[in-house]
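Numbering (my numbering), first residue to last: 40 to 348. Input: a single structure, listed below in structure tokens.
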Amino acid sequence: MMEPTQNRHQNQTLKPPHTLDNVNPECHENPEVQSFFRRVIESQEFCMVQSEGQQVAIVKDRAEREGIEGISYQVMADFFTISSKSTIKHHLDRWVDEDVELTLGARRLLTNQQKDEVIWLVNELQRNNNPETFEDIRDHLLRRFNVLIPTANLRHYISYSKEFKSINGVPKEYCRVFYKEDEVDAFFNELEEIIAVGQIPGEKVFNIDEVGHQEFVDAHVRRVVVSSNFTGNEINIHVRRNSKRSTMLAGVSANGSMLKPLVIVERSTIEKKLLDAGYTAERLIVDHSNTGFITTKNFSIGHILFSNI
Numbered sequence: 040m041m042e043p044t045q046n047r048h049q050n051q052t053l054k055p056p057h058t059l060d061n062v063n064p065e066c067h068e069n070p071e072v073q074s075f076f077r078r079v080i081e082s083q084e085f086c087m088v089q090s091e092g093q094q095v096a097i098v099k100d101r102a103e104r105e106g107i108e109g110i111s112y113q114v115m116a117d118f119f120t121i122s123s124k125s126t127i128k129h130h131l132d133r134w135v136d137e138d139v140e141l142t143l144g145a146r147r148l149l150t151n152q153q154k155d156e157v158i159w160l161v162n163e164l165q166r167n168n169n170p171e172t173f174e175d176i177r178d179h180l181l182r183r184f185n186v187l188i189p190t191a192n193l194r195h196y197i198s199y200s201k202e203f204k205s206i207n208g209v210p211k212e213y214c215r216v217f218y219k220e221d222e223v224d225a226f227f228n229e230l231e232e233i234i235a236v237g238q239i240p241g242e243k244v245f246n247i248d249e250v251g252h253q254e255f256v257d258a259h260v261r262r263v264v265v266s267s268n269f270t271g272n273e274i275n276i277h278v279r280r281n282s283k284r285s286t287m288l289a290g291v292s293a294n295g296s297m298l299k300p301l302v303i304v305e306r307s308t309i310e311k312k313l314l315d316a317g318y319t320a321e322r323l324i325v326d327h328s329n330t331g332f333i334t335t336k337n338f339s340i341g342h343i344l345f346s347n348i
């Protein structure tokens, strides 16, 4: 493996890295290319390196891994506001070896045993729709090998590894990630049969849903690690709804009419600013419980919801 300094004269200095002020992410008219460049400049790896050449190599490598087309030498030169595309080629010739694998020291971060452990962990949890974040992998290595690897270094390692890649993990409630389509079809077939046999009018068939205002408070889209052969730019990750402090029960009938929402809060009084905002008894029913969850007592007033049906 050729080291990045091997082709450089001992008195030749590296050009300093670009800051956000001297790059042009809108250098190409294609919105996908513009979005790619914006992701690049927001990444930690792009901001942490120490030279222009390393940044050029990062852009080229990431474009190939993400399958972004149109990132030519000229486009990269326009992005870096470099006058000649030959400078881009010169950088890549210096920083990329014959296997097109960047050598910035990241490959030597893990031992073979640690690397095998991470491969097993990533594949196992990916199968369960519960992929690891960089922090999860860091903590696992600490528990397993009693070694603490900085998250930034681990992120760097994953970026240049052939075994892994990072994508967006999109939170989904646990039961909405793990479902079988045939079970859903069977449910609606049974419902259709019941309605037909019983000649039940549409206004008597309700779809009721429960939502909570904190169900995804700590479950934003985040970068997770998957195997390199995973297809797609994102994966659904399950989140269990067990920490909400208020609950709303809402529903709509098959004929399109809506039920008055039932809202459960922890407080026994309603804040005046909610009433001023129009959240009055004409629009919704408010009740309370100590936990913010719907209790049997709360649900016992549910007949009010159906009083006008």
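No residue lacks a Cβ here, since even glycine has one placed at the ideal position from N, Cα and C.
Residue interval of the alpha helix (DSSP H) (run including glycine 237): 220 to 237
Quick check on the DSSP output: the alpha helix (DSSP H) that includes histidine 57 runs from which residue to which? Segment: none, histidine 57 is in no alpha helix (DSSP H) and carries neither H nor E.
For the pair the region 169 to 179 and the region 231 to 242, tell me if three or more CB-CB distances fall below 8 angstroms. no
If you draw a straight line from the C-alpha of aspartate 257 to the C-alpha of leucine 164, how long is it? Any reading at aspartate 257 must be qualified, since the residue scores a pLDDT of 46, below 50, and its modelled position is unreliable; the value itself is stated next. Going by the C-alpha atoms only, they are around 20 angstroms apart.
DSSP on arginine 182, reduced to helix/strand/coil? helix
Three-state class that DSSP yields for arginine 322 in the structure shown: coil
Hey, could you find the ends of the beta strand (DSSP E) arginine 262 is sitting in? 261 to 266
CB-CB length for histidine 130 against valine 95, believed under 8 angstroms: 4 angstroms
Around the C-beta of alanine 116, are 16 or more other C-beta atoms found within 10 angstroms, so that it is buried, or is it exposed? buried
Run the CB neighbour count on isoleucine 97, radius 10 Å, all protein chains shown included, and call it buried at 16 or more, exposed below. buried
Beta-carbon proximity list for phenylalanine 338, same chain, < 6 angstroms, skipping 5 on both sides: none
Across which residues does DSSP place lysine 204 in a beta bridge pair? Val265
Span of the alpha helix (DSSP H) around lysine 311: 311 to 315
Return the chain-ordered list of same chain residues with a C-beta closer than 8 angstroms to the C-beta of glutamate 363, the five sequence neighbours on each side being excluded. For the chain, the structure presents residues 40 to 348; residue 363 sits outside this window and is missing.
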